[in-house]
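Residue numbers (our numbering): 2 to 350.
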């Protein structure tokens, strides 16, 4: 288990501020954040490549704050992989183990078999594919029998098909060896597929750490909402509650919305401002011919723009003076025959 207590780091104008983080054994913990937020820097402080200003780092209850890199029992797979082009695949895999005098041939053979690398062991790194290089780097990290592996964007710059294949592969290897991973990615689909817990680092501050679906439904700050790509954000006012629902006034939409109560919601106060975020895939366009048995959260407006995005479409729907974004499968868009300038109704789920 990794435990970080009040970690601070400063270099020039950049700083990591009061980082507190716990990663349990066998967990794949995802670290996300925008470019320049400090993700790689945090990994390097955990590894010992950069010295922290203050705070403490523990691994399996042993303090490692001031230990040198080679004594921390942590493996690191950097973005550039740092494989040696002048030696064979096998020698790359064994390099760390031999350097730390933890070389175990039987264990290495098991890793090689699990990683499906038997056929390329004598190849030079230059004669391997991008996907193979990732597996080699992970095998090298495993070879030292680490307590923790740090993965810095391990699937960056790979074709989608290869990246998807490696996601399944890494999950299989994690289960096989009961690995504890701190996994950096900027890709939301990758994060939700790979991770158990997700932490978001923005501008050197750890904004939120939670189970992935809690992060999805209960982001704690506007900066996090923006990072998660939620475009439909409205200033609103709490107006009361029913048995299972809240009444929320949204002046920009000139309406009162009914919001279902959820256990993680904070306590609201009458007429106090709040922010209401509605994901683009939670806005439903209502067909004119459809007889609806519901009237809650229905808004009238007009389609102002339609954009094709691979298999999805993004619709901009104007309600009064405010634009609402809608994500809709392209096939559904075609079936509904939606066009720019068309009047219609949407329901906010």
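Glycine included, every Cβ here is placed at the ideal spot set by N, Cα and C.
Computed from a prediction, not measured in an experiment: that's the story for all the values here.
Considering only their Cβ atoms, is the gap separating residue 325 from residue 233 smaller than 7 Å?
yes
Report buried or exposed for residue 155, applying the criterion of at least 16 other Cβ atoms within 10 angstroms of its Cβ.
buried
Helix, strand or coil for residue 224? Go by DSSP, reduced to three states.
helix
Under 6 Å from any heavy atom of the ligand SAH, does the C-beta of residue 144 make it?
Absence of the ligand SAH is noted for the structure shown, with no ligands found whatsoever.
Which residue wins for smallest C-alpha separation from residue 47, given the options 31, 65, 61?
65
Of the choices 22, 95, 203, 150, whose alpha-carbon is the least far from that of residue 79?
150
If you follow the alpha helix (DSSP H) that residue 216 is part of, which residue opens it and which one closes it?
213-218
Cβ-Cβ distance between residue 284 and residue 327 below 7 Å:
Yes, the pair counts as a contact, with Cβ atoms nearer than the cut-off.
Could you name the residues that DSSP lists as bridge partners for residue 299?
348
Local Cβ density within 10 Å of residue 209, reported as buried at 16 or more and exposed below that:
Label assigned to residue 209: buried.
The alpha helix (DSSP H) that contains residue 190, what's its start and end?
189-195
Proximal residues to residue 303 (C-beta, below 6 Å), its chain only, five neighbours per side dropped:
So the qualifying residues of the chain are 319, 344.
Mapping DSSP to helix, strand and coil, what is residue 80?
coil
Go through its chain and collect everything with a Cβ distance to residue 274's Cβ below 8 Å, but skip five positions before and after it.
236, 237, 238
So if DSSP puts residue 29 in a beta bridge, which residue, or which two residues, is it bridged to?
In DSSP, residue 29 forms a bridge with 182.
By a C-beta neighbour count over all protein chains shown, 10 Å radius and 16 as the cutoff for buried, is residue 205 buried or exposed?
buried
Between residue 186 and residue 153, what straight-line distance do the alpha-carbon atoms span, to the nearest angstrom?
7 Å
Cβ-Cβ separation, residue 202 to residue 39 (assumed contact under 8 Å), whole Å:
6 Å
Check the C-beta distance from residue 60 over to residue 143 and give it rounded, since I have them as a contact under 8 Å.
About 17 Å; that fails the 8 Å criterion.
Count the other CB atoms within 10 Å of the CB of residue 93; is the residue buried (16 or more) or exposed (fewer)?
buried
Quick check on the DSSP output: the beta strand (DSSP E) that includes residue 137 runs from which residue to which?
First-last for residue 137: 131-143, but that is the alpha helix (DSSP H), not the beta strand (DSSP E).
Quick check on this structure: which residue in 117, 101, 130 has the alpha carbon closest to the alpha carbon of residue 146?
101
Going by DSSP, name the residue or residues bridged to residue 209.
201
Burial state of residue 314, where buried means 16 or more other Cβ atoms lie within 10 Å
buried
Grab the span of the beta strand (DSSP E) containing residue 100 for me, first residue to last.
Here residue 100 belongs to no beta strand (DSSP E); instead the alpha helix (DSSP H) covers 90-100.
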